[in-house]
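**Q**
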Amino acid sequence: MTGASAAVPAAPTAREVTADARATYAVFAGLGLAGSTWSSRLPEVRTQLNLDSASLGLLLLSIAVGGVIVLPLSGTVVTRISPRRAVTVVALLVSASLGVISIGYALSASLRSAFRSA
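Heads up, the sequence shown is in my numbering, so the first residue is 29 and it goes up one at a time.
In structure tokens:
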């Protein structure tokens with residue numbers, strides 16, 4: 029040995045484990061809710077964007093391919109910034125993305141109706 033030993037982190041307490049488990053459940057529930065809101069809107073999105081079945085399938089496939097591409101990087105990100113920060117960042121990004129999509133959809137609908145009436 030070189031004389032310098034790495035400090036061993038203390039084991040988490042039962043309270044910390046419970047809090048971490050509840051936070052994990054909350055994030056999974058939130059992401060499930062985000063996914064289900066997207067899925068329930070697919071017919072409306074298809075109509076709004078004038079997509080045929082093949083184009084909608086390609087859109088959904090691109091989402092899956094993006095997930096497969098990013099998945100190998102997730103371990104590196106979690107190791108580098110810690111699981112807690114990674115989950116927090118992803119939850120915030122998903123929330124912000126849904127908000128931006130909602131605002132964009134609302135604006136496009138209102139602009140379309142304004143131009144139709146003009």
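Beta carbons: idealized from backbone N, C-alpha and C, even for Gly.
Should the region 52-71 be regarded as contacting the region 34-42, the criterion being three or more beta carbon pairs within less than 8 Å?
**A** At 8 Å Cβ cutoff, the stretches do not touch.
**Q** According to the Cβ coordinates, are V105 and A92 closer than 8 Å?
**A** Sequence index remark: in the sequence shown, residue 105 carries index 77 (1-based). Sequence index remark: in the sequence shown, residue 92 carries index 64 (1-based). It is not a contact, given that the beta carbons lie outside the stated cut-off.
**Q** For L126 and A62, which I take to be in contact (beta-carbon distance under 8 Å), what is that distance rounded to the nearest angstrom?
**A** Stepping through the sequence shown from its first residue, residue 126 is reached at position 98. Stepping through the sequence shown from its first residue, residue 62 is reached at position 34. Right, their Cβ atoms sit about 6 Å apart.
**Q** Alpha carbon to alpha carbon, how far is L84 from P71? Give it in angstroms, no decimals.
**A** Position 43 of the sequence shown, counting from 1, holds the residue named residue 71. Position 56 of the sequence shown, counting from 1, holds the residue named residue 84. Near 10 Å, if we compare the C-alpha coordinates of L84 and P71.
**Q** What are the boundary residues of the alpha helix (DSSP H) that P151 is part of?
**A** Residue 151 lies beyond the stretch modelled for the chain, which goes from 29 to 146, so this question has no answer here.
**Q** Taking the continuous alpha helix (DSSP H) assigned at T46, which residues delimit it?
**A** Position 18 of the sequence shown, counting from 1, holds the residue named residue 46. First-last of the alpha helix (DSSP H) with T46: 42-68.
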